[in-house]
Amino acid sequence: MLVLQGERERVEVVRFGPDGTTLVAPTYKGVQVWRGLPAPGPPAVIGDYRYAGQVAVTPDGRLFVDGATFAVHDLRTGASRPVVLWGEYGAYFAISPDGRFLVVGQNHRDGPAKATLACRPTDNLSPGAAVWTLPITHRIDAGPVFLGPDRFAVHHGYWDEAARRGVDRYVTRDLRTGAVLADAEGPHADAPTFAADPDGRFLACGRTNRVVVVEAADPGREVAVLKAGRKFVTGLAFHPSARVLATASNDRTVRFWDTASWTATTFEWGAGRMRSVAFSPDGTLAAAGTDDGRVVVWDVDL
Numbered sequence: 209m210l211v212l213q214g215e216r217e218r219v220e221v222v223r224f225g226p227d228g229t230t231l232v233a234p235t236y237k238g239v240q241v242w243r244g245l246p247a248p249g250p251p252a253v254i255g256d257y258r259y260a261g262q263v264a265v266t267p268d269g270r271l272f273v274d275g276a277t278f279a280v281h282d283l284r285t286g287a288s289r290p291v292v293l294w295g296e297y298g299a300y301f302a303i304s305p306d307g308r309f310l311v312v313g314q315n316h317r318d319g320p321a322k323a324t325l326a327c328r329p330t331d332n333l334s335p336g337a338a339v340w341t342l343p344i345t346h347r348i349d350a351g352p353v354f355l356g357p358d359r360f361a362v363h364h365g366y367w368d369e370a371a372r373r374g375v376d377r378y379v380t381r382d383l384r385t386g387a388v389l390a391d392a393e394g395p396h397a398d399a400p401t402f403a404a405d406p407d408g409r410f411l412a413c414g415r416t417n418r419v420v421v422v423e424a425a426d427p428g429r430e431v432a433v434l435k436a437g438r439k440f441v442t443g444l445a446f447h448p449s450a451r452v453l454a455t456a457s458n459d460r461t462v463r464f465w466d467t468a469s470w471t472a473t474t475f476e477w478g479a480g481r482m483r484s485v486a487f488s489p490d491g492t493l494a495a496a497g498t499d500d501g502r503v504v505v506w507d508v509d510l
């Protein structure tokens, strides 16, 4: 086990680089990058991206950052450029498993469309190069998350005035066309505690101290309800093999849930309240961010 100390702020998001030797975590002061795992030096801080709330790393080592602006930063060369979107709100985005496409959405304050969703090639991110761009009827609340190489799901939450209740819908779309493949009501998901397994079987939705696991093909059908801690669930991640769901909690624990039996193994290191969790692309390492800027990294043996 390795404990890394960064800026003394909450580590709300943690991501591995493509080879598992780089670790990325955004803070209010910029994006921290540790290189050379398992024996990294102090983190470099990319100060151009203050207040970053979401990051993703492509298989070729490009870092996508949503903060005060949405941008792409090459971790190898240091070159960066902004990505033009549609308005001033934060972006919801994910990189396709092969690294070739960015699916990005943004909510709108005014107009008939509550959001816009698009698919753009990662080698040409200009709006004119988009594979498709669609107006969306309901605001995006969480996602997108990929269900395998060619499908992704987005969670939309809205108030149904006629029914006088909140509605949570899960819409699965085709990556190449944006066409709706499935649209069903399901459990409430608190972003960013929303994840999909790599095989496209399950969606996991965090709510307070529980995680509701549903069938990706039918989000109204529950597979398991997991008590993931005594306090709020703060992070979710599926192992690349899809054999384990990791949950992070404010009760200072990380749990590994076997996706065959939904039984848990609990980890607690005395490192403080956990805020995020991630696996390396090859599944051999896991990392969890804490409330005070520490990141715990450990070996995964399934």
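Each residue of the sequence shown is one higher than the one before, counting from 209 in this note's numbering. Here a beta-carbon is modelled for each residue, glycine too, at the ideal position from N, C-alpha and C. On a predicted model such as this, the values are computed, not experimentally measured, just so you know.
Query: Reference residue 502; option with closest CA among 251, 468, 227, 285; Result: 251
Query: Option nearest residue 291 by Cα separation, candidates 283, 275, 284, 305; Result: 275
Query: Helix, strand or coil at residue 357 [DSSP, three-state]; Result: coil
Query: Own chain residues within Cβ distance below 7 angstroms of residue 216, not counting five before or after; Result: 500, 501
Query: Buried or exposed by the 16-neighbour rule on C-beta atoms within 10 Å, applied to residue 240; Result: buried
Query: Contiguous beta strand (DSSP E) assignments of at least 3 residues, all confined to the segment 367–428; Result: 373–382, 388–393, 402–404, 410–415, 418–423
Query: Collapsed DSSP secondary structure at residue 335 in the structure displayed; Result: helix
Query: Identity of the residues DSSP links to residue 290 by a beta bridge; Result: 279
Query: Proximity winner among 308, 467, 261, relative to residue 338 (alpha-carbon distances); Result: 308
Query: Span of the beta strand (DSSP E), counted from its first residue to its last, around residue 234; Result: 230–235
Query: Range of the contiguous beta strand (DSSP E) that encloses residue 457; Result: 452–457
Query: Span of the beta strand (DSSP E), counted from its first residue to its last, around residue 466; Result: 462–466
Query: Inter-residue CB distance, residue 361 and residue 411 (contact presumed, cutoff 8 angstroms); Result: 6 angstroms
Query: Contact set for residue 395: own chain, Cβ-Cβ below 7 angstroms, skip 5 residues either direction; Result: 376, 413, 415, 420, 422
Query: Reference residue 225; option with closest CA among 417, 261, 498, 490; Result: 490
Query: Enclosing beta strand (DSSP E) for residue 245 [first to last residue]; Result: No beta strand (DSSP E) contains residue 245, which DSSP labels as neither H nor E.
Query: Beta-ladder partner(s) of residue 264, from DSSP; Result: 272
Query: Best match in 283, 485, 246 for proximity to residue 401 [C-alpha to C-alpha]; Result: 485
Query: Cβ neighbours of residue 510 in the same chain (closer than 8 angstroms, five flanking residues each side left out); Result: 447, 449, 451, 452, 491
Query: Proximity below 8 angstroms, CB of residue 264 to CB of residue 302; Result: yes
Query: Bridge partners - residue 217, DSSP secondary structure assignment; Result: Answer is none; residue 217 lacks a bridge partner.
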